[in-house]
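*Asks:* Take this structure first; my questions come after.
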């Protein structure tokens with residue numbers, strides 16, 4: 001009887017663990033475990049049962065988390081063999097976003113590569129937007145700039161307004177696949193953008209840049225708009241390179 005009660009209690013604890021953690025949290029914990037243990041590509045990972053016992057969640061929750069990681073090409077489940085880690089260059093963009101949202105570190109070259117791809121997409125988006133933008137697109141971007149100005153005047157951070165402005169330009173291309181793709185890059189950089197815009201001067205300069213970019217897009221001055229966006233993104237990259245290169249102060 002005591003053994004049965006203990007089994008029931010363990011099951012209740014696992015159910016409660018599932019409720020608190022949720023599948024996304026289990027995914028993050030598995031990624032953290034892989035990172036901490038420094039698993040290498042093609043190396044075998046713990047089993048579904050091992051993960052469930054380690055995290056005190058049900059095997060169902062682990063199974064769903066592993067299915068998500070497999071769909072993002074982070075892991076590979078081989079029949080009658082086990083679970084194996086795949087090469088990082090095989091994983092999807094969503095996997096990068098998941099790592100970022102889980103607070104896992106990135107290599108400096110990965111951050112630079114992501115920024116480079118984002119810049120390529122945004123510069124091309126500005127070019128397309130100049131041609132395809134409609135009056136309602138311009139009105140939407142102007143509304144975002146008014147909200148940005150209010151935040152600037154109130155000495156508030158503008159990371160949300162900045163994201164909305166950049167995605168508003170992408171939206172003006174009227175290419176939904178392009179918009180969905182670029183959104184992933186903004187999800188990837190969400191935490192870093194909070195740090196970036198904690199500096200009031202950066203936010204103010206970004207707002208000024210946005211005003212110039214919008215004026216060029218509204219006037220359909222394609223080369224000018226692309227040049228302004230290129231300068232805007234290059235300045236942000238230079239700032240990030242400086243921030244990443246700055247060593248953390250020694251602990252006292």
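In UniProt numbering, the protein residues as written are 1 to 252.
Just so you know, even glycine gets a beta-carbon here, dropped at the ideal spot from N, CA and C.
The structure presented is a predicted model; accordingly, all values stated were derived computationally and were not measured.
Consult DSSP for residue 84 and reduce its assignment to one of helix, strand or coil.
*Replies:* As a first step, residue 84 must be located in the chain shown, where it is residue number 84. Here residue 84 sits in strand by DSSP.
*Asks:* Ignoring anything shorter than 4 residues, give me the alpha helix (DSSP H) runs that lie fully in the region 117-148, in order along the chain.
*Replies:* Here no run is fully enclosed.
*Asks:* Classify residue 220 as helix, strand or coil using the three-state DSSP reduction.
*Replies:* In the chain shown, residue 220 corresponds to position 220, counting from 1. Residue 220 falls in the coil class under three-state DSSP.
*Asks:* Per DSSP, what are the beta-bridge partners of residue 76 in this structure?
*Replies:* Residue numbering aside, residue 76 sits at position 76 when the chain shown is read from its first letter. Answer is 84.
*Asks:* Name, in chain order, the residues that DSSP records as bridge partners for residue 45.
*Replies:* In the chain shown, counting from the first residue as 1, residue 45 sits at position 45. Answer by DSSP bridge pairing, in chain order: 83.
*Asks:* Less than 7 Å between the C-beta atoms of residue 264 and residue 137, yes or no?
*Replies:* Residue coverage of the chain in this structure runs from 1 to 252, which leaves residue 264 outside it and unanswerable.
*Asks:* Tell me whether residue 33 sits in a helix, a strand or coil according to DSSP, three-state version.
*Replies:* As a position in the chain shown, residue 33 is number 33, starting the count at 1. Helix.
*Asks:* Please classify residue 189: is it buried, with 16 or more other beta-carbons within 10 angstroms of its beta-carbon, or exposed?
*Replies:* On the chain shown, residue 189 is found 189 positions in, with the first residue counted as 1. With 16 or more Cβ atoms within 10 Å of its Cβ, residue 189 is classed as buried.
*Asks:* Go ahead and pull the three-state DSSP assignment for residue 53.
*Replies:* Within the chain shown, numbered from 1, the residue matching residue 53 stands at position 53. Residue 53: helix per DSSP, three-state reduction.
*Asks:* Do the CB positions of residue 65 and residue 26 come within less than 7 Å of each other?
*Replies:* Numbered from 1 along the chain shown, position 65 holds the residue referred to as residue 65. Numbered from 1 along the chain shown, position 26 holds the residue referred to as residue 26. Yes; because the gap between Cβ atoms is below 7 Å, this pair is in contact.
*Asks:* To the nearest angstrom, how far is the alpha carbon of residue 112 from that of residue 234?
*Replies:* Position 112 of the chain shown holds residue 112. Position 234 of the chain shown holds residue 234. Using only the alpha carbons, I get a separation of about 12 Å.
*Asks:* I need the boundaries of the alpha helix (DSSP H) containing residue 164, first residue and last residue.
*Replies:* Translated into positions along the chain shown, residue 164 becomes position 164. Looking at the DSSP string, the run of the alpha helix (DSSP H) that includes residue 164 is 159-171.
*Asks:* Go ahead and pull the three-state DSSP assignment for residue 21.
*Replies:* Reading the chain shown from its first residue, position 21 is the one you call residue 21. Only weak support is given to the placement of residue 21: the predicted model assigns it a pLDDT of 45, under 50, and the value that follows is read from those uncertain coordinates. Correct three-state label for residue 21: helix.
*Asks:* Apart from the five residues just before and just after residue 130, which ones in its own chain have a Cβ nearer than 6 Å to its Cβ?
*Replies:* Along the chain shown, read from residue 1 onward, the residue named residue 130 stands at position 130. Excluding residues within five positions, the ones whose Cβ falls inside 6 Å are 217, 220, 222 and 225.
*Asks:* Measure from the alpha carbon of residue 207 to the alpha carbon of each residue in 73, 146, 128 and 46, then state which is nearest.
*Replies:* Residue 207 sits at position 207 when you count from the first residue of the chain shown. Selected option, being the one with the closest Cα: 146.
*Asks:* To the nearest whole angstrom, what separates the beta carbons of residue 178 and residue 125, a pair I think is in contact under 8 Å?
*Replies:* Taking the chain shown and counting its residues from 1, the one referred to as residue 178 is at position 178. Taking the chain shown and counting its residues from 1, the one referred to as residue 125 is at position 125. Between residue 125 and residue 178 the Cβ distance is about 6 Å, and since that is below 8 Å, they are a contact.
*Asks:* Output the distance between the C-alpha atoms of residue 169 and residue 50, rounded to the nearest integer angstrom.
*Replies:* As a working note, residue 169 is residue 169 in the chain shown. As a working note, residue 50 is residue 50 in the chain shown. Their Cα atoms are separated by approximately 47 Å.
*Asks:* For residue 203, count neighbouring C-beta atoms within 10 Å of its own C-beta (all shown protein chains included) and say buried if the count is 16 or more, exposed if not.
*Replies:* By one-based count along the chain shown, residue 203 stands at place 203. By the 10 Å Cβ count, residue 203 comes out buried.
*Asks:* Confirm, please, whether the CB-CB distance from residue 209 to residue 232 is below 7 Å.
*Replies:* As a position in the chain shown, residue 232 is number 232, starting the count at 1. As a position in the chain shown, residue 209 is number 209, starting the count at 1. The answer is yes: Cβ separation under 7 Å.
*Asks:* Where does residue 75 land, buried or exposed, given buried means 16+ other C-beta within 10 angstroms?
*Replies:* To locate residue 75, count along the chain shown from 1; it is residue 75. Buried is the call here.
*Asks:* Going by DSSP, what residue range makes up the alpha helix (DSSP H) through residue 71?
*Replies:* Residue mapping note: residue 71 aligns to position 71 of the chain shown, counting from 1. Its alpha helix (DSSP H) spans residues 59-71.
*Asks:* What number of angstroms, rounded off, separates the C-alpha of residue 69 from the C-alpha of residue 81?
*Replies:* Residue mapping note: residue 69 aligns to position 69 of the chain shown, counting from 1. Residue mapping note: residue 81 aligns to position 81 of the chain shown, counting from 1. For residue 69 and residue 81, the distance between alpha carbons rounds to 17 Å.
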